[in-house]
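Taking it in order: structure first as C-alpha cells, then the write-up.
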Amino acid sequence: MTWTIIAVLIVVGFLFLLLEILVLPGTNVAGIIGFILIAVGVWQAYEGYGTTVGTITLGGTLVLSVLALYYSLKSNTWDKAALKAEIDGKVNLIDETTIKTGDKGHTVSRLAPMGKAMINGKYFEVKTNGEYVDENTKVRVIEIDHSKIWVEPIGK
Numbered sequence: 000m001t002w003t004i005i006a007v008l009i010v011v012g013f014l015f016l017l018l019e020i021l022v023l024p025g026t027n028v029a030g031i032i033g034f035i036l037i038a039v040g041v042w043q044a045y046e047g048y049g050t051t052v053g054t055i056t057l058g059g060t061l062v063l064s065v066l067a068l069y070y071s072l073k074s075n076t077w078d079k080a081a082l083k084a085e086i087d088g089k090v091n092l093i094d095e096t097t098i099k100t101g102d103k104g105h106t107v108s109r110l111a112p113m114g115k116a117m118i119n120g121k122y123f124e125v126k127t128n129g130e131y132v133d134e135n136t137k138v139r140v141i142e143i144d145h146s147k148i149w150v151e152p153i154g155k
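What follows is the structure, given as C-alpha cells:
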C-alpha cells in the first residue's frame with residue numbers, strides 16, 4: 000500500500016472523529032469509523048513498510064492527536080461552537096395576585112390529568128387529582144403549590 004493511501008486513511012479517520020465531535024455527537028458511528036480508519040492506516044504502514052516506519056507512523060499519529068486535543072482545549076476553539084444564550088424564563092410562574100384558591104374558570108384543553116385552563120382571563124397549565132376532564136368544563140382551583148395549580152371540575 001502506498002504512502003498516499005495510508006495518509007488518506009489517517010486523515011479521513013481524523014475527519015470522521017471531528018465529524019463525531021462537532022456534527023453527530025452521541026451516535027458513536029462516525030467515531031468508531033474514524034478510529035478504525037486510523038488503525039487500518041497505521042496497520043498498513045507496519046504491514047507494507049516494516050516495524051520502523053510503522054512505529055514512526057503510529058508515533059506521528061499519536062503526536063498529532065495530542066497536539067490537536069491540546070490546541071482545541073487551550074484556544075477558544077470551542078467558544079465559537081458553544082451556545083452562549085442564557086435561559087432566563089421559568090415555567091408557569093404564578094402571580095399570587097392573578098389566581099388564588101377558590102377561583103373558577105374553564106378548561107381550554109382536555110385535562111388528562113394535565114392540560115390548560117383559563118382562570119380569571121389568563122391561561123394556566125393545571126393538574127387534576129388523576130381524573131380526566133373534558134374541554135370546556137368549568138373547574139375550581141383547589142390548591143396552588145409552588146408552580147402547580149390543582150383544579151377539580153365544578154358540579155361533580
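Position 67, counted from 1, in the sequence shown is what numbering that gives the first Met the number 0 calls 66; the numbers after and before it change by one each time, with no gaps.
All residues carry an ideal CB built from backbone N, CA and C; glycine is no exception.
#### Entry: Test item: CB-CB of residue 106 and residue 135 under 8 Å
The residue given as residue 106 occupies position 107 in the sequence shown. The residue given as residue 135 occupies position 136 in the sequence shown. Contact flag set, yes.
### Query
In chain order, what residues of the same chain lie with their CB nearer than 8 Å to the CB of residue 35, ignoring the 5 residues before and after it?
Numbered from its first residue, the sequence shown carries residue 35 at position 36. Counting only Cβ-Cβ distances below 8 Å, and skipping sequence neighbours, we find 12.
### Query
Is the CB-CB distance between residue 103 and residue 139 below 8 Å?
Working through the sequence shown from its first residue, we reach residue 103 at position 104. Working through the sequence shown from its first residue, we reach residue 139 at position 140. Yes, they are a contact pair.
#### Entry: Coil, strand or helix - residue 50 by DSSP
In the sequence shown, residue 50 corresponds to position 51, counting from 1. If DSSP states are grouped into helix, strand and coil, residue 50 belongs with the helices.
### Expected contact under 8 Å - CB spacing of residue 164 and residue 126 to nearest Å
Given that the chain is displayed from residue 0 to residue 155, the structure contains no residue 164 and the question cannot be resolved.
### Query
Is residue 30 near residue 16, with beta carbons less than 8 Å apart?
The residue you call residue 30 lines up with position 31 of the sequence shown. The residue you call residue 16 lines up with position 17 of the sequence shown. It is a contact, given that the beta carbons lie within the stated cut-off.
### Task
Report yes if the CB atom of residue 148 is closer than 8 Å to the CB atom of residue 93, and no otherwise.
What you label residue 148 is simply residue 149 of the sequence shown in a count that begins at 1. What you label residue 93 is simply residue 94 of the sequence shown in a count that begins at 1. Closer than 8 Å, so yes.
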